[in-house]
Amino acid sequence: RLCLQSLWDFVTAQEPLIKSPFFPVLFSFTAYMAFCLPYIALDFLSIRLPDLRKYKIQPQSYPSLGMIVPCIIQSVYHHVVLIFPVTFLHWYWRPMNLPVLAPELPEVLLQVAVCLLLFDFEYFLWHLLHHKVPWLYKTFHKVHHKHVSTFALTTQYSSVWELLSLGFFAAINPLLLGCHPLTEMIFFLVNIGLSVEDHSGYDFPWSTHRLVPFGLYGGAPHHDLHHLKFKSNYAPYFTHWDKLFGTFTEP
């Protein structure tokens with residue numbers, strides 16, 4: 001607990017900020033951009049550096065400023081107009097409680113893993129439904145498929161309904177499990193980091209799907225193929241649901 005307690009003590013020392021109604025939206029946007037920008041830098045660098053380009057899943061495709069800027073504008077708009085009002089209501093009805101003690105590390109690891117597995121299942125069902133029902137796809141999900149070759153900032157390039165749905169799944173699971181606020185923050189960071197990696201368009205030797213054994217995790221190649229082909233690989237992270245439902249395609 002000692003390491004986590006030191007981290008939690010640092011967090012609680014910022015209590016006025018943490019309990020501010022502006023904190024959730026600032027935390028969300030800052031974390032999202034912090035995960036995205038290194039990949040965007042790689043996109044510009046790999047055009048000129050063959051040693052980086054070889055890790056690009058679709059090496060013929062690179063995002064232009066004309067593609068990047070609308071993604072950033074939409075993300076800012078969604079955070080200000082959509083995410084802030086929702087998190088403000090959450091702040092008003094359920095003020096954050098900051099316990100003195102940090103959670104135990106095994107508890108954090110277990111609950112983050114369970115939250116990821118639940119989110120993966122929830123989004124798989126949502127995603128499958130919104131591909132199988134043409135009206136749902138055209139009305140709510142088609143915008144996310146604007147880019148056949150994904151890059152980091154396409155992660156949240158989506159409709160209001162899709163963003164609300166995924167945000168609800170991400171928020172409700174820690175609540176149902178009774179997670180410590182620190183566990184909730186860690187899950188959010190892991191979730192957004194994995195989601196950005198999925199859309200990054202890169203397959204590195206240290207990518208998550210190479211670290212998780214037995215092909216249990218799909219990663220960027222798995223999701224990149226979904227954007228390219230549309231009709232397979234609906235789960236965001238793990239491969240078991242696609243394999244079970246017969247919608248898995250090997251990259």
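Going by full-length UniProt numbering, the residue at position 185 of the sequence shown is 185; the numbering climbs one at a time, nothing skipped. Backbone N, C-alpha and C define an ideal beta-carbon position, used for all residues, glycine too. Remember, predicted model here, so these are calculated numbers, not experimental data.
Bridge partners for residue i per DSSP, in chain order?
| i | result |
| --- | --- |
| Phe-238 | Tyr-217 |
| Tyr-202 | Lys-56 |
Where does residue i fall in DSSP's three states?
| i | result |
| --- | --- |
| Lys-95 | Note that residue 95 is Pro in the sequence shown here, rather than Lys. Coil. |
| Cys-179 | coil |
| Thr-249 | coil |
| Gln-156 | coil |
| Val-212 | coil |
| His-79 | helix |
| Lys-243 | helix |
| Leu-129 | helix |
| Lys-19 | coil |
| Phe-151 | coil |
| Tyr-137 | helix |
| Asn-191 | helix |
| Phe-169 | helix |
| Pro-70 | helix |
| Phe-84 | helix |
| Lys-229 | helix |
| Leu-49 | coil |
| Lys-142 | helix |
| Pro-63 | coil |
Between which two residues does the alpha helix (DSSP H) carrying residue i extend?
| i | result |
| --- | --- |
| Thr-30 | 23-46 |
| Val-11 | 2-12 |
Quick one: measure Cβ to Cβ for residue i and residue j, integer angstroms, because I've assumed they're closer than 8 Å.
| i | j | result |
| --- | --- | --- |
| Thr-247 | Val-196 | Not confirmed; about 23 Å, so no contact. |
| Ser-28 | Ile-68 | So it is not a contact: roughly 19 Å between Cβ atoms. |
| Leu-189 | Ala-31 | 6 Å |
Compare the C-beta of residue i against all C-beta atoms of chain D and say whether one is closer than 9 Å.
| i | result |
| --- | --- |
| Lys-243 | Here there is only one protein chain, and chain D is not present. |
Ordered list of alpha helix (DSSP H) runs contained in the region 98-126, each at least 4 residues
none
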